Amino acid sequence: MDKKTVSTIAYLSRLALNEENGEKITQDLENIIKFVDQLENANTQNIEPLASPLEKTAKTRNDEVTAKNRKETFLERSPKSNDDYFLVPRVVE
Amino acid sequence: MSWETVIGLEIHVQLSTESKLFSGGSTGFGAEPNTHVDLIDLGLPGVLPVANREAFYKAIRFGLATNAEINQTSTFDRKNYFYPDLPKGYQITQMALPVVGKGSIKIEVDGEEKIVNITRAHLEEDAGKSIHDLFDGETGVDLNRAGTPLLEIVSEPEISNAKEAVAYFKAIRQIVTFLDICDGNMAQGSMRCDVNVSLKKSDEDKLGTRAEIKNINSFKFIEKAINYEIERQARILESGETVVQETRLYDSIKNETRSMRSKEEANDYRYFPCPDLLPVVISDDELDEIKNNLPELPDEKERRFIEESNLDVSEAKIIASSKTMANMFEEACDKTDDAKLIANWLVGDISALLNKDNIDLEESKLTSSNFAVLIERISDKTISGKIAKSVLEEVWESGRNVDEIIENKGLVQIQDESLLEEIALKIIENNPSQVEAYKSGKDKLFGFFVGQVMKETQGKANPQSVNEILRKLLG
Amino acid sequence: MSIQFKTINELSHMLKNKDISNKELIEETFSLIDTNTHLNAFVTLNKDASLHKAEELDKNPSSLALAGIPIAQKDLFCTKDLRTTCGSNMLSSFIPPYSATVIENLENAGCISVGKTNMDEFAMGSSNETSFYGNVQNPWGDKLVPGGSSGGSAAVVAAGIVPAASGTDTGGSIRQPASLCGISGLKPTYGRISRWGMIAFASSLDQAGPMARTAEDCALLLNEMCSHDHKDTTSLDEAIPDFTKDLNLPIKGLKIGLVKEFDLSKLDNEVVKVFEESKKQYESLGAEFIDISLPNISLSVPTYYVVAPAECSSNLSRFDGVKFGKRCDDPKDLEELYIKTRSEGFGDEVKRRILIGSYVLSAGFYDAYYKKAQQVRRLIKNDFDSAFKQVDVIMSPTTRGGAFEEGSKGDDPIQMYLEDLFTIPANLAGLPALSIPNGIVDNKPIGLQLIGNFLEESKLLQVAHNFQISTDWHKRTPNGDVKS
Chain A
996 MDKKTVSTIA
1006 YLSRLALNEE
1016 NGEKITQDLE
1026 NIIKFVDQLE
1036 NANTQNIEPL
1046 ASPLEKTAKT
1056 RNDEVTAKNR
1066 KETFLERSPK
1076 SNDDYFLVPR
1086 VVE
Chain B
4 MSWETVIGLE
14 IHVQLSTESK
24 LFSGGSTGFG
34 AEPNTHVDLI
44 DLGLPGVLPV
54 ANREAFYKAI
64 RFGLATNAEI
74 NQTSTFDRKN
84 YFYPDLPKGY
94 QITQMALPVV
104 GKGSIKIEVD
114 GEEKIVNITR
124 AHLEEDAGKS
134 IHDLFDGETG
144 VDLNRAGTPL
154 LEIVSEPEIS
164 NAKEAVAYFK
174 AIRQIVTFLD
184 ICDGNMAQGS
194 MRCDVNVSLK
204 KSDEDKLGTR
214 AEIKNINSFK
224 FIEKAINYEI
234 ERQARILESG
244 ETVVQETRLY
254 DSIKNETRSM
264 RSKEEANDYR
274 YFPCPDLLPV
284 VISDDELDEI
294 KNNLPELPDE
304 KERRFIEESN
314 LDVSEAKIIA
324 SSKTMANMFE
334 EACDKTDDAK
344 LIANWLVGDI
354 SALLNKDNID
364 LEESKLTSSN
374 FAVLIERISD
384 KTISGKIAKS
394 VLEEVWESGR
404 NVDEIIENKG
414 LVQIQDESLL
424 EEIALKIIEN
434 NPSQVEAYKS
444 GKDKLFGFFV
454 GQVMKETQGK
464 ANPQSVNEIL
474 RKLLG
Chain C
4 MSIQFKTINE
14 LSHMLKNKDI
24 SNKELIEETF
34 SLIDTNTHLN
44 AFVTLNKDAS
54 LHKAEELDKN
64 PSSLALAGIP
74 IAQKDLFCTK
84 DLRTTCGSNM
94 LSSFIPPYSA
104 TVIENLENAG
114 CISVGKTNMD
124 EFAMGSSNET
134 SFYGNVQNPW
144 GDKLVPGGSS
154 GGSAAVVAAG
164 IVPAASGTDT
174 GGSIRQPASL
184 CGISGLKPTY
194 GRISRWGMIA
204 FASSLDQAGP
214 MARTAEDCAL
224 LLNEMCSHDH
234 KDTTSLDEAI
244 PDFTKDLNLP
254 IKGLKIGLVK
264 EFDLSKLDNE
274 VVKVFEESKK
284 QYESLGAEFI
294 DISLPNISLS
304 VPTYYVVAPA
314 ECSSNLSRFD
324 GVKFGKRCDD
334 PKDLEELYIK
344 TRSEGFGDEV
354 KRRILIGSYV
364 LSAGFYDAYY
374 KKAQQVRRLI
384 KNDFDSAFKQ
394 VDVIMSPTTR
404 GGAFEEGSKG
414 DDPIQMYLED
424 LFTIPANLAG
434 LPALSIPNGI
444 VDNKPIGLQL
454 IGNFLEESKL
464 LQVAHNFQIS
474 TDWHKRTPNG
484 DVKS
């Protein structure tokens, strides 16, 4: 697994690979991918992927407002907020 | 070097359901920040989405109105990326099997009709809002909007210039408002548009590299952004360079598009089927019910107004083109069986006022019910047509009740024949020379007498009665 | 009378006969907790609320099925206003504003949640060695792992501190620790128990389930845990039977399948002997063994290690330091907020799985890995469907051996992954499966796994219960005693 692939995957996952763990994790990933490569051997022609073990369809809900205003509860349990908003470092678009 | 422009539009329409696509949070606009947030909207650990059936019904209405394939079984996928107003770190959307497939819509540009094909229309959840400029060095996140149902309508890349793009956008807006699936309120962000623009040589089939301009929410800006982008890309291509495939933002102040600062190579959304949502199936019965209850579209309304209300083509077209105006017409017709009268007012005075103020009818202070009352009062002769014009102007400015205005300003038309006769006799008495001149053939002087009676009654005399009485008295 | 090692039925009796008051029961439970802190099985205790509930019950007795029964809840279930960590640093101060449906169900049945049990971080692990809150000890031996990810829940039941605990099972996380700790644990059919409030690891595989001293107690718990929940559209709305009704029906004529492809010759001799003894026991009860083939079963582990990481990589994206959970100190920009928070908040195994997940879903690899794995998953499910046309239940050892030592699986994650060889297939197919103790080797318990067809928990429990009324492995305790 080349370095660029690993660093792209790490960035997509927002995880840092550094001096300490970078090599080990890359090695682990390579081993695990090699391990799962066995799947190639299976004959899956015309087999429909199984997304859920349930052979059924979704129940849906009626269009009703059921949620209460829980702004205070949510904001006070957040890592950083003011009276109205969750706060993050300034995003530049 | 002749370049052909190829444009495709992705329009995000906020569906007018009461609650969100996957939760019971309210979709109401303008609430205090973070007060319309359900546990599910917040993306708390352990929460699960449940699909809102009404969103499907609204999406299917769009499909039916655009002669599209309806996928009665549709599925949801996750689109994975990180952004502060995307609470779960993924958006639930429909990638593989959308509820609405290929359809088409007719647009009109400079009197010419064109069909634009639609690739698909799918359901997805909206993100929250990031507020960048309010807090020192920080961005505030409001999740009220997170989870609101969107219908993303994707056109084929068949639009050739900015005018067509605007016409297409307007046509979509007309349909979604008539279908009652979206309020069409651009200012509130009920409809947003991403535009894909690319250029190619006229004699080539291969499409050029496209740039995507994101999140435009006004007709004017769509046109400007496209025209700027066409020029920008032409300049690049003429100088032998290649256009970069990227996302851009339109800056309305500088009238230019600029590249968004994001790592393009990391835009891998890793779509996969959402394991928390099983396929949603809309039954044949449900589909039939939607078909049978489909609101009337502009074309149908136009035809009906012409046939049933005897409007002429141009009147019908104008009134049927806006849902608000069509509603206003229909409501007034319910109360007062005088379609022509109503049409005249809408096409005449009211359209003139709209043009003068450069607004849409839904932005005005005139309500359907108030308009219906105005028509009623003209029809039952409480006020004259002329007085009605001034009442309308007052309503337009203040939004006050028609009856209130009539009462407060004492505008009730004088119908009392004996009183009018009295006044007419007085005028005749006081103007003997004009009477003589009229009787000796100066017909135009009739207007003088009418004018005098009107003046005497501060314009409140019923004009027809005045006419009849004066004719009787003057001979 | 000591409450240690008592079953639910035994404790219910004691309460009804007033041999012990509700308050005394809870006090003694906390006493046992205090004398067993070396197990490191609890992350958060719920003493005050538990005592309060017990006092209420003493004042106003209840006829609810599980009234007054102390239960330990795996720290993966959201419990309203009670810290829920999922074994992670990321949620070290997370106080959920709501409770999971299964917690509500158990508490509405009268259970008293005495605390939240330690677990592998975000349910990823088979030894409870990945928790941010330290390893859990297996009561059967020092430095032995209890299994994972429901290690804490298994340990507290095995140590007799509580009669029951809730667990979750995605690839074997109830059955494997049940096996290593000598207790009974069941993973129901996918969808039997609502996932509302269960912190998601792999959504199409996760299921909650009971862990207790006997199959009968598992049935009692299952009765209360199952519900159709409109808040979880993957929860079944099939009728929920009384899972205790058929326990005592005889199993004469029962057809038990043995999977050809599970090559037991590779296991330790002593472990194979235990399995053979259990077979004999079942034959003496009238069951018949039939060899069956699950041709694609050898691909179960690689399939799982594509599907589960893929789903978890997405499920764990919500942990971004913005709305809840941990945030890093002084992030200078948004990128740092995400990267530092997540790198500090997650342990290595979680990071590995997120990375694998992102990889197998990424453009260019999706078809070869994720789509392929979902196709193989269907093949595996089809294999089971065919097998259940020939047999009533399938039997195998739960794990390859008894509890292993901490740190003995070394640095290679794949060695750990192979722990779940026998348990993973049932999760992939969504089938119910349980583990009951069936032997002891080197003073380490061995477990027997039974896999049933869709919705056939009652049959599984019946088959397990029949074994337990004719053997006493489930009565063994870590101190060497056999309960009466």
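Chains as they are written, first to last, in the numbering used here: chain A, 996 to 1088; chain B, 4 to 478; chain C, 4 to 487. For each residue, glycine too, the CB sits at the ideal point set by N, CA and C. These numbers were taken from a predicted model, which means no experiment stands behind them.
Cβ neighbours of residue i in the same chain (closer than 7 Å, five flanking residues each side left out)
i, result
"C:Ala44", "Thr120, Asn121, Val139, Gly155, Ala158, Val159"
"A:Lys999", "none"
"B:Thr142", "Pro87, Ser133, Ile134, His135"
Neighbouring residues, chain C, relative to residue i (Cβ below 9 Å)
i, result
"A:Glu1043", "Gln377, Gln378, Arg381"
"B:Leu281", "Thr236, Thr237"
Beta strand (DSSP E) segment containing residue i, residue limits
i, result
"B:Thr8", "6 to 17"
"A:Glu1035", "Per DSSP, A:Glu1035 belongs to no beta strand (DSSP E) and is neither H nor E."
"B:His135", "132 to 138"
"B:Glu310", "Counting along the chain, B:Glu310 falls outside any beta strand (DSSP E), though it belongs to the alpha helix (DSSP H) covering 301 to 312."
"C:Met93", "Neither: C:Met93 is in no beta strand (DSSP E) and is coded neither H nor E."
"C:Gln210", "210 to 215"
"C:Ser399", "396 to 400"
Bridge partner(s) assigned by DSSP for residue i
i, result
"B:His125", "B:Glu155"
"C:Leu48", "C:Gly118"
"C:Ala436", "C:Lys190, C:Ile454"
"A:Val1083", "B:Thr142"
"B:Cys196", "B:Ile14, B:Ile219"
"C:Gln76", "C:Lys119"
"C:Glu408", "C:Leu147"
"B:Asn258", "BP columns for B:Asn258 are empty, so no partner."
Limits of the alpha helix (DSSP H) - the one that residue i falls within
i, result
"B:Phe222", "222 to 241"
"B:Tyr3", "Since the first residue of chain B shown is 4 and the last is 478, residue 3 of chain B is not available in this structure."
"B:Met331", "326 to 338"
"C:Ala467", "460 to 473"
"C:Ala161", "154 to 161"
"C:Ala168", "First-last for C:Ala168: 167 to 172, but that is the beta strand (DSSP E), not the alpha helix (DSSP H)."
"A:Lys999", "998 to 1007"
"B:Asn373", "371 to 382"
Spatial neighbours of residue i in its chain, beta-carbon cut-off 6 Å, leaving aside the 5 residues before and after
i, result
"B:His15", "Leu153, Glu155, Arg195"
"C:Leu261", "Phe292, Asp294"
"C:Cys229", "Arg195, Ile196, Ile243"
"B:Ile309", "Ala319"
"B:Leu473", "Ala427, Phe452"
"B:Ser262", "Glu249, Arg251"
The ligand ATP heavy atom lying under 7 Å from the CB of residue i
i, result
"A:Arg1085", "As far as ligands go, the structure on display features none, and thus does not contain the ligand ATP."
Beta-carbon neighbours of residue i, restricted to chain A and to distances below 8 Å
i, result
"C:Ala432", "Pro1048"
Member of the options whose CA lies at the smallest distance from the CA of residue i
i, options, result
"C:Phe322", "C:Thr88, C:Ser53, C:Lys335, C:Gly212", "C:Thr88"
"B:Asp113", "B:Glu167, B:Glu420, B:Glu432, B:Leu357", "B:Glu167"
"B:Gly192", "B:Ala228, B:Asp129, B:Gly243", "B:Asp129"
"C:Leu109", "C:Tyr307, C:Gly212, C:Gly128", "C:Gly212"
"B:Ile408", "B:Glu396, B:Ile417, B:Phe181, B:Gln418", "B:Glu396"
"A:Phe1069", "B:Pro48, B:Ala71, B:Arg56", "B:Pro48"
"B:Phe79", "B:Pro282, B:Leu364, B:Ala323, B:Ile219", "B:Pro282"
"B:Asp279", "C:Glu279, C:Thr236, C:Glu280", "C:Thr236"
"B:Ile386", "B:Ala54, B:Tyr231, B:Gln418, B:Ser201", "B:Gln418"
"B:Gln482", "B:Val438, B:Glu432, B:Gly450, B:Gly413", "The structure shown has nothing for residue 482 of chain B, since chain B only spans 4 to 478."
Residues that residue i contacts on chain B, provided the C-beta gap is smaller than 8 Å
i, result
"A:Pro1084", "Gly140, Glu141, Thr142"
"A:Lys1051", "Leu281"
Partner residues on chain C for residue i, Cβ-Cβ distance less than 8 Å
i, result
"A:Thr1061", "Under the 8 Å cutoff, chain C gives no residues; its nearest Cβ is about 11 Å from A:Thr1061."
"A:Asp997", "Within chain C, no residue comes near A:Asp997; the closest Cβ sits about 12 Å away, beyond 8 Å."
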